[in-house]
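The structure appears right after this line, and notes come after that.
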Amino acid sequence: MVYEIALSGFSSNKTFLYSYDTHLEIGERVYVTYNGKKNVGYVVEKKEASGRYKEILNKIDGRSFLPEWYVKVIKEISNIYSSPIGKLLDLSFPNNIEDYFVNKVKAISPLYPIEELSEQDFVKKYGEKKLNELVRNGIVKIEKDLKVRKPRPQREIYVYLDSSLKEISEKRLTKKQEKVINYILSRESATYSELRDIFGISKDTLLQLERKRVIKLYEHPIENNKRKVELTQSQREIVNDIIKKHGKHLLMGVTGSGKTEIYLAVMEYYLKFGRVLYLVPETSLIEQTFSRIKSRFPELNIGIYHSYLTKSKKTDVWLKSVTGEVDILLGTRSAIFVPLKDLNLVIVDEEHDDSYYQDSEPIYDAISILERYPQTVIFGSATPRLEHYYAAKNGEFYFHYLTDRFGTVLPEVEIIDLNTEEKITPHISKKMLDEINFELGKGNSVITFVRRKGFSLLMCQRCGYFVKCPNCDVALTYHKDEGKLKCHICGHTQNVINVCPSCGSVMLLEKGTGTERMEKELMQFFPGRVITRADTEIIKRPNLFNDVIKSLLNGELDILVGTKMITKGLDIPTISLIVVTDIDAIYKLPDYNSEIKAFQLLVQVIGRSGRRTKGKALIQTYNPESEVIRYAIEQDVVTFYDIELNKRKKLNYPPFSDIVQVITFSSDKELGYASTTKLVDEIRKKIDDEIIGPTEYLIPKMRNNYLHHFVIKTKDVKKVNKILNQVLLNYPTKAIIRVNPPSLLTYVR
Numbered sequence: 093m094v095y096e097i098a099l100s101g102f103s104s105n106k107t108f109l110y111s112y113d114t115h116l117e118i119g120e121r122v123y124v125t126y127n128g129k130k131n132v133g134y135v136v137e138k139k140e141a142s143g144r145y146k147e148i149l150n151k152i153d154g155r156s157f158l159p160e161w162y163v164k165v166i167k168e169i170s171n172i173y174s175s176p177i178g179k180l181l182d183l184s185f186p187n188n189i190e191d192y193f194v195n196k197v198k199a200i201s202p203l204y205p206i207e208e209l210s211e212q213d214f215v216k217k218y219g220e221k222k223l224n225e226l227v228r229n230g231i232v233k234i235e236k237d238l239k240v241r242k243p244r245p246q247r248e249i250y251v252y253l254d255s256s257l258k259e260i261s262e263k264r265l266t267k268k269q270e271k272v273i274n275y276i277l278s279r280e281s282a283t284y285s286e287l288r289d290i291f292g293i294s295k296d297t298l299l300q301l302e303r304k305r306v307i308k309l310y311e312h313p314i315e316n317n318k319r320k321v322e323l324t325q326s327q328r329e330i331v332n333d334i335i336k337k338h339g340k341h342l343l344m345g346v347t348g349s350g351k352t353e354i355y356l357a358v359m360e361y362y363l364k365f366g367r368v369l370y371l372v373p374e375t376s377l378i379e380q381t382f383s384r385i386k387s388r389f390p391e392l393n394i395g396i397y398h399s400y401l402t403k404s405k406k407t408d409v410w411l412k413s414v415t416g417e418v419d420i421l422l423g424t425r426s427a428i429f430v431p432l433k434d435l436n437l438v439i440v441d442e443e444h445d446d447s448y449y450q451d452s453e454p455i456y457d458a459i460s461i462l463e464r465y466p467q468t469v470i471f472g473s474a475t476p477r478l479e480h481y482y483a484a485k486n487g488e489f490y491f492h493y494l495t496d497r498f499g500t501v502l503p504e505v506e507i508i509d510l511n512t513e514e515k516i517t518p519h520i521s522k523k524m525l526d527e528i529n530f531e532l533g534k535g536n537s538v539i540t541f542v543r544r545k546g547f548s549l550l551m552c553q554r555c556g557y558f559v560k561c562p563n564c565d566v567a568l569t570y571h572k573d574e575g576k577l578k579c580h581i582c583g584h585t586q587n588v589i590n591v592c593p594s595c596g597s598v599m600l601l602e603k604g605t606g607t608e609r610m611e612k613e614l615m616q617f618f619p620g621r622v623i624t625r626a627d628t629e630i631i632k633r634p635n636l637f638n639d640v641i642k643s644l645l646n647g648e649l650d651i652l653v654g655t656k657m658i659t660k661g662l663d664i665p666t667i668s669l670i671v672v673t674d675i676d677a678i679y680k681l682p683d684y685n686s687e688i689k690a691f692q693l694l695v696q697v698i699g700r701s702g703r704r705t706k707g708k709a710l711i712q713t714y715n716p717e718s719e720v721i722r723y724a725i726e727q728d729v730v731t732f733y734d735i736e737l738n739k740r741k742k743l744n745y746p747p748f749s750d751i752v753q754v755i756t757f758s759s760d761k762e763l764g765y766a767s768t769t770k771l772v773d774e775i776r777k778k779i780d781d782e783i784i785g786p787t788e789y790l791i792p793k794m795r796n797n798y799l800h801h802f803v804i805k806t807k808d809v810k811k812v813n814k815i816l817n818q819v820l821l822n823y824p825t826k827a828i829i830r831v832n833p834p835s836l837l838t839y840v841r
């Protein structure tokens with residue numbers, strides 16, 4: 093029998109044919125030789141082929157942990173994204189999985205019943221000679237089984253209120269105890285582990301509260317106290333519709349319209365028949381989402397999987413998912429590769445988010461993978477992908493639209509025209525300060541949105557020179573706290589300079605804005621207020637970000653300065669004002685996706701305000717008549733998307749074509765451009781598709797390499813990728829292929 097094998101860790105999407113004398117399952121891991129070395133391979137497909145092929149050395153696991161449909165999906169994604177299939181399949185297994193396997197001796201035929209033992213125990217009992225004889229005669233086989241380390245059962249403590257609010261208010265409680273009570277109130281119940289992790293509370297504190305008859309502790313959840321919100325008529329109709337119709341569903345609804353309640357109601361039905369995968373775009377959303385799911389399904393086992401987990405924790409979750417111990421797997425992009433047993437439903441929250449696209453090898457789009465899953469998948473967002481909106485309009489997805497905010501109204505939105513408004517600093521208007529001051533005076537919290545992290549750029553006032561990275565053609569970011577200039581591409585760091593190296597002037601000042609600069613300026617205007625920032629430096633450390641969110645929830649933080657990560661699904665009732673300081677800088681970028689990204693971001697930012705009571709949003713702009721701003725304020729996604737679709741149809745941009753971007757790298761600028769031009773000329777001979785470029789990349793130099801790029805608009809992406817890979821074999825320098833990237837400008841090597 094001949095099998096198509098994908099090699100683990102192989103940097104090409106090429107596969108190889110090998111033979112084996114017995115049946116192999118699709119997805120099964122095997123050992124093969126390649127270039128004289130022993131390699132792990134994956135069985136991708138059984139082939140009808142004649143001739144002589146290299147023999148597969150032996151099986152590794154004796155079975156497949158990956159469903160056949162899943163392997164087919166990964167193979168197709170490999171061809172679409174020109175990503176190595178072996179590296180994609182590698183993502184389905186933890187690095188240290190071998191430590192969790194044990195070899196088992198199993199009977200092949202019921203005619204020869206043999207006691208099932210580990211290989212070690214079998215040899216100890218019957219001898220190695222006997223084992224080899226039985227294997228040789230086809231009576232037994234040696235197969236790997238998961239050696240799941242069963243954790244010691246832990247008793248969870250469930251916490252419920254035991255007094256009325258009036259009675260509780262009359263009791264003497266510490267500040268921490270009051271926070272715990274407010275937390276339980278917002279969820280109707282909580283577990284000890286939740287309260288311990290969030291508030292650092294001890295069991296002794298809970299026992300004190302129980303003695304005061306404030307709370308009651310139980311060893312089991314009280315079924316009647318499950319957090320279950322009464323759905324509106326429109327929500328019930330959508331839930332029933334999703335349950336009836338197997339397939340792909342687009343759930344679109346204004347921010348705060350109750351999409352999560354629909355997810356939970358649909359999950360309740362599907363959990364009767366299988367398991368659920370629930371995806372969020374960032375680790376910062378894990379804790380909040382976990383709390384919502386756990387309060388609805390306290391009796392179920394929820395696994396958490398994301399890139400910041402330790403190797404051992406990832407493996408533990410993987411094992412429990414494979415063996416069926418996990419009922420709901422909650423995670424970020426990487427969780428799609430965990431082979432969750434009996435997967436029945438997938439929920440993708442904030443499905444428009446760029447974080448679902450992996451821009452490093454192996455390149456893939458998690459959303460594109462899920463589009464090909466045979467299970468029911470719900471893609472949810474207030475501002476979905478334009479491609480999904482178009483698919484829903486054409487009947488390829490089931491379409492559900494929630495137009496009413498759940499329990500509250502949309503915030504009031506006010507535009508601050510920076511052409512006429514008095515400005516205190518280049519990025520802070522008097523109106524902005526007045527509104528922040530007003531909300532803080534009422535005891536509310538404020539979020540200020542800034543486009544970029546860091547402080548600003550260091551620029552000479554006399555000649556216009558600004559300090560650049562010596563390795564990359566980008567300005568260094570000024571981090572005032574550290575007195576350093578940093579490159580956020582290659583990591584180069586240097587001390588701040590005091591004299592301009594171009595003209596000798598000492599007039600070096602910060603230009604532009606960033607989270608750090610905005611934080612510093614707001615501290616000057618609001619001394620004594622608690623102000624902090626949340627940008628990508630913070631989100632890389634989930635515990636830090638969770639601390640920031642807890643501070644907001646507990647009313648301990650007055651102003652949060654953040655980048656776009658603060659728009660991602662956060663539900664914080666204390667936020668009454670959102671300020672967008674520099675939206676113009678986003679939709680003016682030279683990228684076909686810039687306007688829709690700015691629109692999505694504005695809609696999401698506005699929706700973070702007034703989640704429980706009426707809030708307000710301020711938008712500072714030099715373009716108050718902008719179509720992007722106008723439709724975002726009106727939350728009119730449908731009209732804006734229809735306008736955008738008409739534009740894209742004329743220009744043949746997605747969803748009317750696929751975009752294939754090729755970025756080339758060369759140590760010599762002129763040679764790099766010449767060879768890229770030659771590459772484009774060669775490709776033009778082989779395809780009829782429109783090719784734009786080549787041209788210098790937006791960031792023309794990264795890590796001492798010069799970058800050029802070109803873009804192909806095609807309706808046959810697999811064919812184009814096949815031709816590209818053939819031509820690139822003879823190409824002298826490195827190149828990468830990006831298919832439908834979120835932005836043509838955001839690649840960072």
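Going by our numbering, the first residue of the sequence shown is number 93, and it counts up by one from there.
Where a beta carbon is used, it is the ideal one built from N, C-alpha and C, also for glycine.
Predicted model, so just to flag it, every value in this text is computed and none were measured.
Exercise for the section: Figure out for me which residue from Thr-415, Glu-611 and Ser-413 has the closest Cα to the Cα of Asp-573. Expected result: When each option's Cα is compared against that of Asp-573, the closest is Glu-611.
Exercise for the section: In angstroms with no decimal places, state the Cα-to-Cα distance between Glu-103 and Leu-298. Expected result: With the sequence shown as reference, residue 103 is identified as Ser, and Glu is not the correct amino acid for it. Counting only the Cα atoms, Leu-298 lies some 55 Å from Ser-103.
Practice task
Using three-state DSSP, classify Asp-441 as helix, strand or coil.
Solution key: If DSSP states are grouped into helix, strand and coil, Asp-441 belongs with the strands.
Exercise for the section: Thinking Ser-413 and Leu-432 are a contact (beta carbons under 8 Å), I'd like their distance in whole angstroms, please. Expected result: The Cβ separation is near 5 Å, so the contact holds.
Exercise for the section: Would you tell me roughly how many angstroms separate the C-alpha atoms of Ile-508 and Lys-689, rounded to the nearest one? Expected result: Using only the alpha carbons, I get a separation of about 21 Å.
Problem - Burial state of Lys-179, where buried means 16 or more other Cβ atoms lie within 10 Å - result: Burial is judged here by how many other beta carbons sit within 10 angstroms of a residue's own beta carbon; Lys-179 has at least 16 and is buried.
Problem - For Gly-178, the first and last residue of its enclosing alpha helix (DSSP H) - result: Here the alpha helix (DSSP H) through Gly-178 covers 177-182.
Practice task
Using three-state DSSP, classify Ala-690 as helix, strand or coil.
Solution key: Of the three classes helix, strand and coil, the one that applies to Ala-690 here is helix, per DSSP.
Problem - Span of the beta strand (DSSP E), counted from its first residue to its last, around Leu-411 - result: Counting along the chain, Leu-411 sits inside no beta strand (DSSP E); it lies in the alpha helix (DSSP H) bounded by residues 403-414.
Exercise for the section: Give a yes or no on contact between the segment 114-123 and the segment 141-161, applying the rule of three or more CB pairs nearer than 8 Å. Expected result: Because the criterion of three Cβ pairs below 8 Å is met, the segment 114-123 and the segment 141-161 touch.
Problem - Expected contact under 8 Å - CB spacing of Thr-673 and Gly-764 to nearest Å - result: Contact annotation, Thr-673 with Gly-764: C-beta distance approximately 37 Å; criterion of less than 8 Å not satisfied.
Practice task
Within its chain, find whatever has a CB closer than 8 Å to the CB of Asn-715; leave out the 5 residues flanking it on each side and keep chain order.
Solution key: These residues qualify, in order along the chain: Asp-676 and Ile-721.
Exercise for the section: Please state if the CB of Glu-225 and the CB of Lys-198 are separated by a distance shorter than 7 Å. Expected result: No. Outside cutoff.
Exercise for the section: Report buried or exposed for Tyr-112, applying the criterion of at least 16 other Cβ atoms within 10 angstroms of its Cβ. Expected result: Buried is the call here.
Handout entry: beta strand (DSSP E) runs contained entirely in the segment 343-400, provided each spans 3 or more residues
Key = Within the segment 343-400, the complete beta strand (DSSP E) segments at least 3 residues long are 367-371 and 394-397, listed from N- to C-terminus.
Handout entry: Neighbourhood of Ala-709 by C-beta, 6 Å cutoff - its chain only, sequence neighbours within 5 removed
Key = The residues are Pro-503, Val-505, Ile-670, Ile-698 and Ser-701.
Handout entry: Nearest residue (CA-CA) to Leu-601, options Lys-642, Leu-549, Asn-738 and Ile-623
Key = Looking at the Cα atoms, Leu-549 is the closest of the given residues.
Problem - Integer-rounded CB distance, given that Gly-785 should sit under 8 Å from Val-812 - result: Not confirmed; about 15 Å, so no contact.
Exercise for the section: Look at the alpha carbon of Pro-245 and the alpha carbon of Glu-391, and state the distance between them as a whole number of angstroms. Expected result: Any reading at Pro-245 must be qualified, since the residue scores a pLDDT of 44, below 50, and its modelled position is unreliable; no value is offered.
Handout entry: Reference Gln-300; option with closest CA among Asp-639, Lys-263, Leu-577 and Leu-820
Key = A check of alpha carbon separations from Gln-300 across Asp-639, Lys-263, Leu-577 and Leu-820 identifies Lys-263 as the nearest.
Problem - Local conformation of Lys-560 per DSSP, three classes - result: Strand, per DSSP.
Practice task
Identify which residue in Ile-97, Ile-711, Leu-158 and Tyr-162 has its Cα closest to the Cα of Gly-133.
Solution key: Looking at the Cα atoms, Ile-97 is the closest of the given residues.
Practice task
Give a yes or no on whether the C-beta atoms belonging to Asp-683 and Thr-655 are separated by under 7 Å.
Solution key: Against a cut-off of 7 Å, the Cβ pair of Thr-655 and Asp-683 comes out as no contact.
Exercise for the section: Could you please give the first and the last residue of the uninterrupted beta strand (DSSP E) stretch that includes Ala-709? Expected result: Start and end: 708-713.
Practice task
Report all residues from its chain with a CB closer than 7 Å to the CB of Ile-354; omit the five preceding and five following residues, and keep chain order.
Solution key: The residues are Gln-327, Ile-330, Val-331 and Leu-343.
Handout entry: Validate contact between the segment 755-762 and the segment 728-744 using beta carbons, cut 8 Å, 3 pairs
Key = Contact fails between the segment 755-762 and the segment 728-744, because fewer than three Cβ pairs, one in each stretch, are under 8 Å apart.
Practice task
Classify Ala-141 as helix, strand or coil using the three-state DSSP reduction.
Solution key: It is coil, neither helix nor strand.
Problem - Cβ contact (3+ pairs, closer than 8 Å) linking the segment 469-476 and the segment 443-458 - result: The segment 469-476 is in contact with the segment 443-458.
Handout entry: For Gly-606, three-class secondary structure by DSSP
Key = Reduced to three states, the DSSP call for Gly-606 is coil.
Handout entry: the segment 359-379 in contact with the segment 417-437 per 3-pair CB rule at 8 Å
Key = Contact holds: three or more Cβ-Cβ distances are below 8 Å.
Handout entry: Within 7 Å, strictly: CB atoms of Pro-202 and Pro-454
Key = No; because the gap between Cβ atoms is not below 7 Å, this pair is not in contact.
Exercise for the section: Could you check if Gly-350 is buried or exposed, using at least 16 other CB atoms within 10 Å of its CB as the buried criterion? Expected result: Taking every protein chain shown into account, the CB of Gly-350 has 16 or more other CB atoms within 10 angstroms, so this residue is buried.
Handout entry: Outcome for Asn-316 when other beta-carbon atoms lying within 10 angstroms are tallied against a minimum of 16
Key = Below a pLDDT of 50, predicted positions are generally treated as unreliable, and Asn-316, at 46, falls in that range; the measurement from the model is reported next regardless. Classification of Asn-316: exposed, given that the 10 Å Cβ count is below 16.
Handout entry: Opening and closing residue of the beta strand (DSSP E) in which Gly-654 lies
Key = Element bounds for Gly-654: 651-654.
Exercise for the section: Check the C-beta distance from Ser-387 over to Ser-281 and give it rounded, since I have them as a contact under 8 Å. Expected result: About 7 Å; that satisfies the 8 Å criterion.
Handout entry: Every unbroken alpha helix (DSSP H) inside the segment 179-235 [4 residues or more]
Key = Whole alpha helix (DSSP H) segments, 4+ residues: 211-218 and 220-228.
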